[in-house]
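Colleague: With our numbering applied, the sequence shown corresponds to residues 133 to 640, in that order.
From the three backbone atoms N, C-alpha and C, an ideal C-beta is built for every residue, glycine too.
In this text the structure is predicted, and so the values were computed from the model without any measurement.
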Amino acid sequence: MKKFNTHINPWKTGVCAHPGPVLVARMIFGSVFSNPRKRNGRILVAFASQTGAAERIAWLSANALAATANRVVRVAALGSLSVTELAEAGTLLVITSTYGAGEAPDSARAFVRKQMAQAPSLKGLSYAVLALGDMKYDATFCGFGRGLDRWLASGKARRLFDVVCVNGDDDDAAMGKWAQQLNRLGAQTSAEALMPGPPRDWFLDERRLLNPGSQGGEAWHIGLRPKDPEQLNWTAGDIAEIWPRNSQALVEEFLTRHELDGEKSFRWRGQWTYLRDIIAHSKLPQPHEVEGISLEWLVERLEAFPHREYSIASLPESGRMELLVRKAVKDDGSLGLGSGWLTRDCLQGGVVKLRLRPNPNFHPPAANEQGEAPQILIGAGTGFAGLRAHLLYRQQKKLGDAWLLFGERGQASDLYYQEDLAAWQTDGTLARTDLVFSRDAAPKRYVQHLVAEHGAEIGRWVGERGASILVCGGLDMAAGVQDALITILGEEKLDQMTQDGQYRRDIY
Ligand SMILES: Cc1cc2nc3c(=O)[nH]c(=O)nc-3n(C[C@H](O)[C@H](O)[C@H](O)COP(=O)(O)OP(=O)(O)OC[C@H]3O[C@@H](n4cnc5c(N)ncnc54)[C@H](O)[C@@H]3O)c2cc1C
Ligand SMILES: Cc1cc2nc3c(=O)[nH]c(=O)nc-3n(C[C@H](O)[C@H](O)[C@H](O)COP(=O)(O)O)c2cc1C
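(1) Given the structure, does ILE639 come close to ligand 2, in the sense that its CB is under 7 Å from one of the ligand's heavy atoms?
(2) I need the straight-line Cα distance from ASN202 to ILE175, nearest angstrom please.
(3) Nearest by alpha-carbon distance to GLU540: which of VAL295, GLN250 and LEU567 is it?
(4) So, with DSSP's three-state summary, where would you put LEU364?
(5) Could you round the C-beta distance between ILE411 and VAL383 to whole angstroms and report it? I think they count as a contact, below 8 Å.
(6) Taking the alpha-carbon positions, what's the LEU197 to GLU338 distance?
(7) Does the beta-carbon of ALA471, which I'm using as the reference point, lie nearer than 7 Å to any heavy atom of ligand 1?
(8) Taking the beta strand (DSSP E) that HIS390 falls in, what are its first and last residues?
(9) Under DSSP, the beta strand (DSSP E) around ARG206 begins and ends at which residues?
(10) Opposite TRP375 in the DSSP bridges: which residues?
(11) Roughly how many angstroms lie between the CA atoms of ARG401 and ASN378, to the nearest whole one?
(12) Give the secondary structure of GLN557 by DSSP, where H, G and I count as helix, E and B as strand, and everything else as coil.
(13) Just confirm the distance between the C-beta atoms of VAL296 and TRP310, as a whole number of angstroms; I'd bet it's less than 8 Å.
(14) Leaving out five residues before and five after MET159 in sequence, what residues of the same chain have Cβ atoms less than 6 Å from its Cβ?
(15) Is any heavy atom in ligand 2 found nearer than 7 Å to the beta carbon of CYS274?
(16) In the stretch 459-532, which residue ranges form an unbroken beta strand (DSSP E) of at least 3 residues, counting only runs that do not cross its ends?
(17) Please classify GLU373 as buried or exposed, where buried requires at least 16 other C-beta atoms within 10 Å of its C-beta.
(18) Tell me which same chain residues have a C-beta within less than 7 Å of the C-beta of GLY622, skipping the five on either side of it?
(19) Pull up the DSSP beta-bridge partners for ASP303, would you.
(20) Can you tell which of THR388, ARG408, ALA285 and TRP404 has its C-alpha closest to the C-alpha of GLU395?
(21) By Cβ distance below 7 Å, which residues in the same chain neighbour ASN172 in space, the five residues on each side in sequence not counted?
(22) In whole angstroms, what is the alpha-carbon distance linking VAL461 and GLY184?
(23) What do you get for GLY345, buried or exposed, if any count of 16 or more other CB atoms within 10 angstroms of its CB means buried?
(24) Going by DSSP, what residues sit across from CYS274 in a beta bridge?
(25) Applying the criterion that 16 or more other CB atoms from any shown protein chain within 10 Å of the CB defines a buried residue, is THR216 buried or exposed?
(26) Following the continuous alpha helix (DSSP H) through PRO419, name the residue where it begins and the one where it ends.
(27) For THR117, I'd like the list of residues in its chain whose CB is within less than 6 Å of its CB, leaving aside the five on either flank, ordered along the chain.
(28) When we look at the beta-carbon of ASN500 and count the other beta-carbons within 10 Å, is it buried (16 or more) or exposed?
(29) Out of GLY511, GLU350, LEU392 and TRP556, which one is the CA nearest neighbour of VAL457?
(30) Where GLN628 and GLY595 are concerned, what is the direct C-alpha to C-alpha distance, given to the nearest angstrom?
(31) Would ALA368 count as contacting chain C if we go by Cβ distances under 8 Å?
(32) Starting from the C-beta of ASN167, find all residues in its chain whose C-beta is less than 7 Å away, skip the five residues before and the five after it, and write them out in chain order.
(33) Pull up the distance between the alpha-carbon of VAL579 and that of LEU427, whole angstroms please.
(34) Does ASP266 come out as helix, strand or coil in the three-state DSSP assignment?
(35) Rounding to the nearest angstrom, what Cα-Cα distance links ARG636 and ALA599 in this structure?
(36) Which residues bound the beta strand (DSSP E) around THR321?
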């Protein structure tokens with residue numbers, strides 16, 4: 133059976149679980165547009181997203197077009213589409229991110245292997261691509277989006293405009309270009325409307341070292357409380373974006389040294405902001421970069437810190453957000469920007485700027501026809517964070533029947549969250565727990581080895597009991613686990629599980 137995206141649109145009120153490609157336009161506002169079959173009158177918005185950004189922009193773009201363009205607008209996951217469906221789409225807008233090293237997000241992996249392997253015939257199709265990426269990946273910046281753009285052009289589809297490459301979540305110039313092009317297609321939107329809102333204030337409530345004596349990096353349990361309780365609103369699998377900042381002491385020292393008034397306000401990143409806050413969230417300039425220049429010019433030149441993502445390790449019902457953060461230490465002994473801020477520099481009770489990021493691709497899988505299925509949760513290191521939120525969710529819903537396969541360094545120091553494990557084992561949330569500690573064995577064993585060793589049982593959980601699989605943690609671990617799962621289940625089955633939302637990954 134043909135499969136389309138079946139998520140509920142998390143970015144639109146009043147819309148819309150959809151069994152097929154969605155008629156966003158007229159379904160929202162009541163009547164179906166008169167001639168939906170007319171080719172030029174249709175727009176297909178396809179997305180491929182790993183952590184939700186492309187999916188979010190796809191829905192907002194579709195909704196903007198649906199509201200004012202005289203067209204029928206559909207939204208579908210790129211991975212659910214065939215070349216034939218693309219060829220018949222009329223106008224196709226693809227919004228995609230890039231993962232791994234220039235690769236497609238998980239949900240489009242099979243699309244790449246099966247559809248993009250063909251030389252397509254796409255005459256009559258008009259298209260454009262919005263490629264999300266991050267310039268820190270340099271050579272592979274927006275690699276998948278660009279590749280897709282070339283592939284569509286190779287099929288003689290008509291490019292409406294050049295691929296728009298977006299650097300991170302806050303690239304208002306690129307999003308402005310995209311909004312402009314949407315408006316040419318009949319929408320009335322803006323970069324601001326398509327971009328995520330500003331971060332909110334949270335307070336550091338708890339900071340606790342979980343693995344004293346570890347041979348690996350320090351792992352910290354971070355507790356945060358929102359200033360506004362309405363922020364206690366996320367789903368297991370979602371991500372917290374944190375805005376790192378310079379310590380208060382460093383900011384005050386900078387202001388004093390350069391005789392600057394921290395209370396002065398400037399228009400900065402779209403908002404009126406105190407100089408003290410601008411300095412706090414920017415890379416501090418060298419003295420020679422400051423001397424003799426106007427304050428306005430200084431503010432303009434300051435390089436704002438990027439934000440950092442962390443998998444949320446708790447549920448909102450607990451009244452606070454918990455994160456599991458590895459302290460990154462650079463070769464020169466200085467700390468990583470984001471982890472250093474959270475694990476050392478932020479004062480207890482201090483403000484942490486945080487934005488919630490819905491991550492539908494890592495939400496709890498939907499129940500199947502037999503009801504709630506068992507679940508296999510696989511991860512290593514800080515990957516415990518994302519898995520913990522899911523185990524808390526299963527505990528809350530009394531779902532039981534979960535199997536955790538988890539790897540860390542040494543049992544003596546790195547078996548953190550033991551109380552949680554014990555509680556889940558006692559109340560039946562965890563039916564089975566397999567742990568592996570790489571430094572306790574020779575040769576070293578990792579969680580991917582554990583997965584391979586338990587291949588037959590994993591095959592039974594998936595094949596006979598319909599278990600879903602969640603993987604959370606670093607890219608190398610996730611790649612090793614995926615290879616093991618392909619050996620156990622076969623690539624076709626894993627592709628199918630990906631399309632059905634039964635195999636989900638939160639990887640970094
Ligand atoms: C979806 C997602 C979820 C995530 N979830 C988690 C989580 O739950 N827990 C967690 O701990 N992390 C998580 N991460 C990773 C996290 O976002 C950060 O990447 C991580 O904390 C490191 O960031 P940092 O700012 O502390 O370090 P950075 O400043 O980015 O430095 C990281 C590393 O880069 C190298 N480096 C950077 N600058 C230099 C330099 N000048 N000289 C030499 N080396 C350098 C060093 O090796 C350093 O250790 C997640 C990432 C994503 C994308
Ligand atoms: C593990 C990882 C690998 C990534 N690899 C690339 C890459 O090779 N090239 C690139 O431009 N962006 C890369 N990115 C950045 C993402 O494409 C970018 O954050 C994008 O906004 C994510 O959109 P999504 O949430 O829709 O998946 C990577 C991000 C992560 C976490």
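Modeller: Result, derived from the coordinates:
(1) Mapped onto the sequence shown, residue 639 falls at position 507. Checking the Cβ of ILE639 against ligand 2 gives yes.
(2) Position 70 of the sequence shown, counting from 1, holds the residue named residue 202. Position 43 of the sequence shown, counting from 1, holds the residue named residue 175. Roughly 10 Å between the two C-alpha positions.
(3) Stepping through the sequence shown from its first residue, residue 540 is reached at position 408. Nearest C-alpha to GLU540: LEU567.
(4) For the purposes of this step, residue 364 is taken as residue 232 along the sequence shown, with counting starting at 1. Looking at LEU364 - three-state DSSP - the assignment turns out to be coil, as it is neither helix nor strand.
(5) By one-based count along the sequence shown, residue 411 stands at place 279. By one-based count along the sequence shown, residue 383 stands at place 251. At roughly 5 Å, the Cβ-Cβ gap stays under 8 Å, so ILE411 and VAL383 are in contact.
(6) On the sequence shown, position 65 is the one that residue 197 refers to. On the sequence shown, position 206 is the one that residue 338 refers to. Looking at the two C-alpha atoms, the distance is approximately 45 Å.
(7) Counting from one through the sequence shown, the residue named residue 471 turns up at place 339. Position check: residue 471 holds Ser in this sequence, whereas Ala was assumed. Answer for SER471: yes, Cβ within range of ligand 1.
(8) Numbered from its first residue, the sequence shown carries residue 390 at position 258. Where HIS390 is concerned, there is no enclosing beta strand (DSSP E), given that its DSSP letter is neither H nor E.
(9) Here residue 206 corresponds to residue number 74 of the sequence shown, with the count starting at 1. Unbroken beta strand (DSSP E) run through ARG206: 204-209.
(10) As a working note, residue 375 is residue 243 in the sequence shown. Per DSSP, LYS485.
(11) Counted from its first residue, the sequence shown places residue 401 at position 269. Counted from its first residue, the sequence shown places residue 378 at position 246. Roughly 18 Å separates the two Cα atoms.
(12) Looking up residue 557 in the sequence shown gives position 425. If DSSP states are grouped into helix, strand and coil, GLN557 belongs with the helices.
(13) Position 164 of the sequence shown, counted from the first residue, corresponds to residue 296. Position 178 of the sequence shown, counted from the first residue, corresponds to residue 310. VAL296 to TRP310, Cβ: 5 Å. Contact.
(14) For the purposes of this step, residue 159 is taken as the residue at position 27 of the sequence shown. Below a pLDDT of 50, predicted positions are generally treated as unreliable, and MET159, at 32, falls in that range; the measurement from the model is reported next regardless. Excluding sequence neighbours, MET159 sits near nothing in its chain.
(15) One-based indexing of the sequence shown puts residue 274 at position 142. Answer for CYS274: yes, Cβ within range of ligand 2.
(16) 483-489 and 507-512
(17) As a first step, residue 373 must be located in the sequence shown, where it is residue number 241. It is buried - the Cβ of GLU373 has at least 16 other Cβ atoms within 10 Å.
(18) Within the sequence shown, numbered from 1, the residue matching residue 622 stands at position 490. If we look at GLY622 and ignore the five residues flanking it on each side, it has no Cβ neighbours.
(19) Residue 303 sits at position 171 when you count from the first residue of the sequence shown. Paired residue(s): none; ASP303 is not in a bridge.
(20) For the purposes of this step, residue 395 is identified with residue 263 of the sequence shown, where counting begins at 1. Cα-wise, what sits closest to GLU395 is ARG408.
(21) As a working mapping, residue 172 is identified with position 40 in the sequence shown. Confidence in ASN172 is poor, its pLDDT being 49 and thus under 50, which makes the residue's placement unreliable; the coordinate value appears in the next sentence. GLY222.
(22) Sequence index remark: in the sequence shown, residue 461 carries index 329 (1-based). Sequence index remark: in the sequence shown, residue 184 carries index 52 (1-based). Distance between the alpha carbons of VAL461 and GLY184 is about 29 Å.
(23) Walking along the sequence shown from the start, residue 345 turns up at place 213. By the neighbour-count rule (16 or more Cβ atoms within 10 Å), GLY345 is not buried but exposed.
(24) For this step, residue 274 is matched to residue 142 along the sequence shown. None; CYS274 has no bridge partner.
(25) In the sequence shown, the residue the question calls residue 216 occupies position 84. Burial call: exposed.
(26) In the sequence shown, counting from the first residue as 1, residue 419 sits at position 287. Here the alpha helix (DSSP H) through PRO419 covers 419-422.
(27) Here the chain comprises residues numbered 133 to 640, so residue 117 is not present and cannot be evaluated.
(28) Sequence index remark: in the sequence shown, residue 500 carries index 368 (1-based). By the 10 Å Cβ count, ASN500 comes out exposed.
(29) Sequence index remark: in the sequence shown, residue 457 carries index 325 (1-based). Looking at the Cα atoms, GLU350 is the closest of the given residues.
(30) The residue you call residue 628 lines up with position 496 of the sequence shown. The residue you call residue 595 lines up with position 463 of the sequence shown. Approximately 12 Å, taken between the alpha carbons.
(31) Of the protein chains in this structure there is only one, and it is not chain C.
(32) Taking the sequence shown and counting its residues from 1, one reaches residue 167 at position 35. Low confidence applies here, because ASN167 scores a pLDDT of 42, under 50, leaving its location unreliable and the question unanswered by this model.
(33) Against the sequence shown, residue 579 aligns to sequence position 447. Against the sequence shown, residue 427 aligns to sequence position 295. One C-alpha to the other measures close to 53 Å.
(34) As a first step, residue 266 is located in the sequence shown; it is residue number 134 there, counting from the start. It is coil, neither helix nor strand.
(35) For the purposes of this step, residue 636 is identified with residue 504 of the sequence shown, where counting begins at 1. For the purposes of this step, residue 599 is identified with residue 467 of the sequence shown, where counting begins at 1. Approximately 12 Å, taken between the alpha carbons.
(36) Your numbering for residue 321 matches position 189 in the sequence shown. Premise fails: THR321 is in no beta strand (DSSP E) and is neither H nor E.
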